[in-house]
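Contents: one structure, followed by commentary.
Residue numbers (my numbering): 145 to 591.
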């Protein structure tokens, strides 16, 4: 089981795709790889964030761990009243800008983020949002350090996950998106890309806004970051791919944009960076999945041998192909097969394992788009294929569990894991908006 959002950069440190490598011009820049994140989720929220921890959390990536680690991660067991008291202290420090320094705000924002990851503070935030959000937006717009701005973006995303709503989207989205194009700092651009995806997803952004943002992200992907003055930046391209995938799960009909997106993602399969390849592969699998929908009552069911048949384990609804996801599937399959068996010495063992797992899954979906991630063709005692074997459970015995058998669920789970980190299970158990993200594909979508 590989990390949902891995830090698996090639030793070459470059992110050039085939298109960029074919161009004459500037040498490839080193990718802005992110330092390994600290286990901030396991810290007791009431204590101060140290300088070292603040430094680590300023990385361009927001930090990840594997789903395996997530399932077995130790609970900090911090009493709720301790977290709430600390939360209010952090909020007061953020709002009192006259008596705070940039360093103090960095620490307060980082601490707020830890509290919001480890505790579902919807009620507590509700009393403070009118004061807190404008204060955080001041740090987003005019932070006195890169760290302050990055931590403000992280905190803002966590607020949207906790307190969803269109009003929050309207008051924050444009400013955050402007940082993607206008900020001179790659770390801020990266954080803004991820924060905007979360804000748009949980802020019930209008479909037109989502599609406009997806166009911007696709330009970043197609240009290897050059469109926002970050050429050959692996973390920027990966964030754009991941955020595009998250936002695309909110769009019901992707037929008109699939061809252009598929071209960009297929090109990124030849990137020299493993994380870029993985994110592109996941988006490709999702687009193949989305090209199929359930058969209507008056439509004849497909033949059992057809790729359009019902779920391959025989339990799901009949699925019909609505449009062609890729014009040259044989060529794509050849690329995926190579990535599923890659053995380059330039890659770490961890990177090879991640590529093998991801592209085995992607290949299975491209060959039969009704198959989701982690699909097993092994037969159960009744002679049926097991199907998708990726599960997330909360609450122990008698609790709730999810079978992640669709790529739209997988992409959303990865995005949630990036933002919530060690607090994902806490939010799955106690945050209705997070649960809905894995249960309701198109809830609240206009269009």
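The beta carbon of each residue, even a glycine, is placed where N, CA and C say it ideally should be.
Identity of the residue in the options nearest residue i by Cα
| i | options | result |
| --- | --- | --- |
| residue 387 | 416, 398, 340 | 340 |
| residue 437 | 411, 407, 492, 469 | 469 |
| residue 262 | 570, 406, 582 | 570 |
| residue 333 | 312, 315, 284 | 284 |
| residue 302 | 579, 562, 580, 585 | 562 |
| residue 491 | 560, 525, 416 | 416 |
| residue 419 | 466, 350, 378, 403 | 378 |
| residue 252 | 294, 222, 342 | 294 |
| residue 277 | 240, 289, 245, 288 | 240 |
| residue 267 | 507, 461, 483, 228 | 228 |
| residue 288 | 311, 314, 245 | 245 |
| residue 507 | 473, 311, 286 | 473 |
| residue 414 | 585, 481, 394 | 481 |
| residue 439 | 346, 461, 421 | 461 |
| residue 467 | 403, 319, 357 | 403 |
| residue 375 | 328, 394, 410 | 328 |
| residue 560 | 485, 338, 350, 463 | 338 |
| residue 311 | 346, 323, 282 | 346 |
| residue 250 | 286, 225, 226 | 286 |
| residue 509 | 315, 558, 441, 549 | 549 |
Identified DSSP bridge partners for residue i
| i | result |
| --- | --- |
| residue 465 | 436 |
| residue 545 | 537 |
| residue 531 | 520 |
Straight-line gap, residue i to residue j (C-alpha atoms, nearest Å)
| i | j | result |
| --- | --- | --- |
| residue 471 | residue 359 | 21 angstroms |
| residue 259 | residue 231 | 6 angstroms |
| residue 235 | residue 272 | 8 angstroms |
| residue 396 | residue 367 | 26 angstroms |
| residue 352 | residue 381 | 23 angstroms |
| residue 216 | residue 536 | For residue 216, the predicted structure reports a pLDDT of 41, less than 50, and the residue's modelled location is therefore unreliable. A value from the coordinates is still provided. So the two alpha carbons sit approximately 11 angstroms from each other. |
| residue 543 | residue 583 | 15 angstroms |
| residue 321 | residue 300 | 13 angstroms |
| residue 362 | residue 325 | 13 angstroms |
| residue 573 | residue 555 | 19 angstroms |
| residue 475 | residue 291 | 44 angstroms |
| residue 193 | residue 479 | Residue confidence for residue 193 is low, a pLDDT of 42 falling below 50, so the modelled location carries little weight and cannot support an answer. |
| residue 398 | residue 433 | 11 angstroms |
| residue 330 | residue 541 | 45 angstroms |
| residue 513 | residue 369 | 30 angstroms |
| residue 534 | residue 488 | 28 angstroms |
| residue 564 | residue 523 | 35 angstroms |
| residue 538 | residue 269 | 24 angstroms |
| residue 243 | residue 237 | 8 angstroms |
| residue 547 | residue 527 | 20 angstroms |
| residue 581 | residue 553 | 8 angstroms |
| residue 264 | residue 575 | 6 angstroms |
| residue 578 | residue 529 | 30 angstroms |
| residue 465 | residue 435 | 6 angstroms |
| residue 247 | residue 407 | 44 angstroms |
| residue 355 | residue 585 | 17 angstroms |
| residue 421 | residue 493 | 16 angstroms |
| residue 568 | residue 256 | 16 angstroms |
| residue 223 | residue 443 | 55 angstroms |
| residue 392 | residue 551 | 11 angstroms |
| residue 411 | residue 484 | 17 angstroms |
| residue 532 | residue 495 | 23 angstroms |
| residue 477 | residue 566 | 35 angstroms |
| residue 431 | residue 254 | 36 angstroms |
| residue 557 | residue 233 | 30 angstroms |
| residue 409 | residue 441 | 34 angstroms |
Assumed close pair residue i, residue j - CB separation to whole angstroms, cut-off 8 angstroms
| i | j | result |
| --- | --- | --- |
| residue 336 | residue 297 | 6 angstroms |
| residue 401 | residue 384 | About 15 angstroms separates the two Cβ atoms, so there is no contact after all. |
| residue 429 | residue 505 | 7 angstroms |
| residue 343 | residue 317 | 5 angstroms |
| residue 313 | residue 348 | 6 angstroms |
Beta carbon proximity, residue i to chain D, threshold 9 angstroms
| i | result |
| --- | --- |
| residue 236 | The displayed structure is made up of one protein chain only, and chain D is not part of it. |
Heavy atom of the ligand PLP within 8 angstroms of residue i beta-carbon
| i | result |
| --- | --- |
| residue 576 | The ligand content of the structure shown is nil, which means the ligand PLP is not present either. |
Quiz item: On the three-pair Cβ rule with 8 angstroms, is the segment 511 to 531 touching the segment 300 to 314?
Solution: no
Practice problem: Check whether the segment 491 to 501 touches the segment 409 to 425, taking contact to mean three or more Cβ pairs, one atom from each stretch, closer than 8 angstroms. | Solution: yes
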